[in-house]
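Here the sequence shown stands for residues 97 to 207, numbered as in our numbering. The next block holds one structure in the form of structure tokens; read it before the comments.
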Amino acid sequence: MRPQLEEMTLAEADSRGWPIIEKEREQDRDPANLGDLIRLMRNGLAHGNIDFFPGGDGRIAALRIWNASPNGVRTWGAVVSTADLRTFLFAFAALIEEVHAEGQWQGRERA
């Protein structure tokens, strides 16, 4: 699945319905492609680099997710609304289903 993610530019992902996840700070690096953005988001979540922003109704309205190098220097971050995160996850699931249906799982046998 990695090749499909690394081949997809963020502009192509946008045209396919993925939400635009803007970096939060000017000094944050730009993701190279969709796979890189997913990796940065995954790393931030896995390492607990996440803040929650409340909405007016008491629910979570947005999340700040950031990535840091091993020495603790922030390398990337974004504030993502829960609506955009939901759209992102549904688009990711749809891409997984598409790749699986086409039999493009590299290095793995189809179930």
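Idealized CB from N, CA, C, for every residue including glycine. Here the structure is a predicted model, which means the values were calculated and not measured.
Two segments are said to touch when three or more pairs of C-beta atoms, one from each, lie closer than 8 Å; by this definition the segment 110-127 touches the segment 180-188. Per DSSP, reduced to three states, the secondary structure at V195 is helical. Distances from the CA of D147 to each of D124, R121, V176, L133 were compared; the closest alpha carbon is that of V176. The beta strand (DSSP E) runs lying completely inside the segment 151-189 and spanning 3 residues or more are 156-164, 170-177, given in chain order. When rounded, the separation of the alpha-carbon atoms in T105 and P150 is 31 Å. Looking at the backbone, the Cα of A189 and that of P127 are separated by about 20 Å. In the DSSP secondary-structure assignment, I146 is bridged to I161. Counting the other Cβ atoms within 10 Å of the Cβ of I156 gives fewer than 16, which makes it exposed. In the structure shown, D110 falls within a helical segment according to DSSP collapsed to helix, strand and coil. Here R135 has no same chain residue with a Cβ atom under 6 Å from its own Cβ, once five neighbours each way along the sequence are excluded.
N145 is positioned such that its CB atom lies no closer than 7 Å to that of W172.
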